[in-house]
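Data first, discussion second: the structure below is written as C-alpha cells.
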Amino acid sequence: MFARRETLAGTAAAGATLFLACAAALPAAAETTVEATYAATLAGFPVGSGTLTFDAASNGDWRAAVDAQVRGLATIVANRTASASASCRAGPKAMLSKDYALRIEGGAEPNRVDIDFAGANVKAVSATELHFPGWDRRIPLLPEHKKGVIDPLAAFVLPLAPGQDAMAQANCDHTAKVFDGRVRYDLRMTYGARMEVQGKQGYSGPALVCAVAYRPIAGYRPLSPAEEKFERNLEFSIWFVPAGDARMMIPYKVVVGTPVGLLQVYAHSFTVKGTQTAEDTTASIPTKKR
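Written as C-alpha cells, this is what we have:
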C-alpha cells in the first residue's frame, strides 16, 4: 500500500498492511476460521483498510487470504491495491513455507513476487525488477541467502506446541529468517508486554505484544548514517492473539514507527469460527495508551 523502501519502516509497513496470508488448498477441511477486517492509520489519519480470512487445520497446515487498499488522504499520493498469498505449515516451534505470492497494483510499475519453497529452502523465485534510487547499489544476494528461510507473511504467525501457554513470554523469543523474493532479512522478536483486548461484542482477552528488531542481511541497499540512526530507534511491535482453537497466534495489531508518525494496523472486527468454538466472537482492539 505504500512506496517500498528496503529499510525496517518499509519492510514492516509492507508486512503490516498486507500481513498474514496464505492461499492454497488444505489437505483437510479447515477446523478453525478467522475472519477479520483491518484499518490502518498513519499519524492518526486513515490510510488503508483490508480484509483477512485465516483457515487452519489440525495437522498444522494453514491458509489465509488478504486484500488491502489505500484509503483517505493517502490516495492523493498513491492509489494502490495489494494482495498476498502463501501456504504454510506450523510445526511445534517453527513455520515451513510452501509458496508465496505478492501483487501490488497502481504504482508506477507493477510489483509482483512468486516463491516456491522446498522445506526451508527456496526452490524457485520470480520477482519483477524494481527501479528505486540506490537499487543498483544493493548488497549482493547469494545462493546461501535462500536457505533456511520462510516467507515474510509466515513470520507474522506464531506456532504453539500442545499444552503451551499462549501468553508465555518465551513465545516471542525467536528470530524469523525471512526472504521476500528480493531481500533476505531477520526479524528478531522479544517479549514486550501483555495487553488486554476489551471487545464490546464478544471477545475479550489477552494479547501478547512482541517487540521486533529488523536486521537486513542481503539484497538491500546500504543506508545513509541518518537512516541507520532512525532504523536503530524505530518502534516496531506486534500484538498476537490466539487464532481460535488452532495452535497458532496471529496479529491483532501491528505498530511501526515511520518518519512521519506511527503506522498502526489494527483489527476493526475479529470473528472466530471452529469445530470447538461455542459461538462466533467479534471484538475491537483499543489503541495502546502512550
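The opening residue of the sequence shown carries number 35 in our numbering; numbering runs sequentially from there.
Yeah, the Cβ is synthetic: ideal placement off N, Cα and C, and Gly gets one too.
Model, not experiment: these values are computed from the prediction.
Contact defined as beta carbons within less than 8 Å: I believe residue i pairs with residue j. What is the distance between those atoms, to the nearest angstrom?
| i | j | result |
| --- | --- | --- |
| L268 | G253 | The Cβ separation is near 20 Å, so there is no contact. |
| L187 | Y134 | 7 Å |
| N155 | K180 | 6 Å |
| T71 | S303 | 5 Å |
| R114 | G140 | 4 Å |
| V68 | A277 | 5 Å |
Find out if the Cβ-Cβ distance for the pair residue i, residue j is shorter than 9 Å.
| i | j | result |
| --- | --- | --- |
| G182 | K211 | yes |
| Y219 | C206 | no |
| V159 | G239 | no |
| G82 | R105 | yes |
| I184 | S271 | no |
| V294 | P285 | no |
| V306 | Q298 | no |
| M223 | A241 | no |
Answer with buried or exposed for residue i, where buried requires no fewer than 16 other C-beta atoms within 10 angstroms of its C-beta.
| i | result |
| --- | --- |
| F190 | buried |
| S121 | buried |
| Q103 | buried |
| R249 | exposed |
| A202 | exposed |
| V243 | buried |
| G153 | exposed |
| S119 | buried |
| W273 | buried |
| D199 | exposed |
| Q232 | exposed |
Under a CB-based cut-off of 9 Å, is residue i close to chain B?
| i | result |
| --- | --- |
| N205 | No chain B appears in the structure shown, which is made up of a single protein chain. |
Sequence ranges, beta strand (DSSP E) only - wholly within the region 106-166, length at least 3: 115-124, 129-139, 145-152 and 155-161
Completely contained alpha helix (DSSP H) runs for the region 221-300, where each covers 4 or more residues: Correct list: 259-266.
Any chance you could list the alpha helix (DSSP H) runs of at least 4 consecutive residues sitting entirely within the region 176-205, in chain order? none
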